[in-house]
Structures are given as C-alpha cells and as structure tokens.
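In our numbering, the protein residues as written are 361 to 493.
Virtual Cβ for every residue (Gly too), placed ideally from N, Cα, C.
Here is the structure we will look at, set down as structure tokens.
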C-alpha cells in the first residue's frame, strides 16, 4: 500500500481516495494532489498539491473543484499564503494560479489534511482582492 501522504499517482474516478469514493467529497480547506498538466505559458504544471477553495455543494452540483496550487518554494508574495506547520505538506498557496478543475476528467487524491479556518479565510480574502470582489 502506498503512503497516503506521498504524492504518488492521483487516482481516477471510482478509485479509493478519489472524490465520491469511500465517502470523501472535496470541500473548502481540503488538501489534495492533482495533475495540472497540460499547462500553457507560465501556469503551474505537473503533479502537485493544491488547496480546495470551493465548498462541497459546488462539487456535488458540478463535479468541479476550484483549487489553488501549492508550491514547495517559498517566495513571499502578497497574493500567496504560507501553509502553517503541522499539516501533511508544507509550502505556499498560490492564489494567483487559481483554477477550476473537472474532477471527473482530472484525477485528484485527498492528502488527508485540511487547512485551519483562518488560513482558508486568508486565501479567500486574497482571491477576492485579486479578482476585485
């Protein structure tokens, strides 16, 4: 059995760890692994962790999740938020690279952790500022 905290391969629909399998449904604050390929230009690419920022009812209605990729390189930037200690992964949440992903077409896997509510609120505040809400 693979380590649930290692990136491994994101899983396809119907496999354990994928949305809907074993009762897990993506919710705001969840940490996931996904594959951001294909990419265009300077977008984040490849398998990497991400933070789900959309609420569970959005996923239940659409099977899409709005996510922000996470990078292990900490380059403090006003639009980024740093993950606190004690989570299964470390890094910086890239709010400027927010994406809506089709979880039926793009494999994802639950990492097994959630960010604290104040971190989710910080990320959502930065997203609101970025898009002028």
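Nearest-angstrom Cα separation, counted from residue j out to residue i
i	j	result
residue 419	residue 385	8 Å
residue 353	residue 480	Outside the shown range of the chain, which is 361 to 493, sits residue 353, and nothing can be said about it.
residue 469	residue 493	30 Å
residue 451	residue 421	30 Å
residue 425	residue 467	12 Å
residue 460	residue 447	23 Å
residue 361	residue 391	For residue 361, the predicted structure reports a pLDDT of 34, less than 50, and the residue's modelled location is therefore unreliable. A value from the coordinates is still provided. Cα to Cα, the separation comes out at about 20 Å.
Unbroken beta strand (DSSP E) run spanning residue i, endpoints
i	result
residue 391	390-395
residue 423	Where residue 423 is concerned, there is no enclosing beta strand (DSSP E), given that its DSSP letter is neither H nor E.
residue 449	From DSSP, residue 449 is part of no beta strand (DSSP E); its letter is neither H nor E.
residue 496	In this structure the chain extends from 361 to 493, so residue 496 is not present and cannot be described.
residue 442	440-442
DSSP three-state assignment for residue i, whether helix, strand or coil
i	result
residue 431	strand
For residue i, the first and last residue of its enclosing alpha helix (DSSP H)
i	result
residue 484	477-491
Residue nearest to residue i in terms of C-alpha spacing, selected from the options
i	options	result
residue 412	433, 477, 490	477
residue 454	434, 444, 445	434
residue 408	383, 464, 457, 445	457
Nearest-angstrom beta carbon gap, residue j and residue i [assumed within contact, 8 Å]
i	j	result
residue 414	residue 388	6 Å
residue 358	residue 462	In the structure as shown, the chain starts at 361 and stops at 493, and residue 358 therefore has no counterpart that could be examined.
residue 428	residue 475	The Cβ separation is near 10 Å, so there is no contact.
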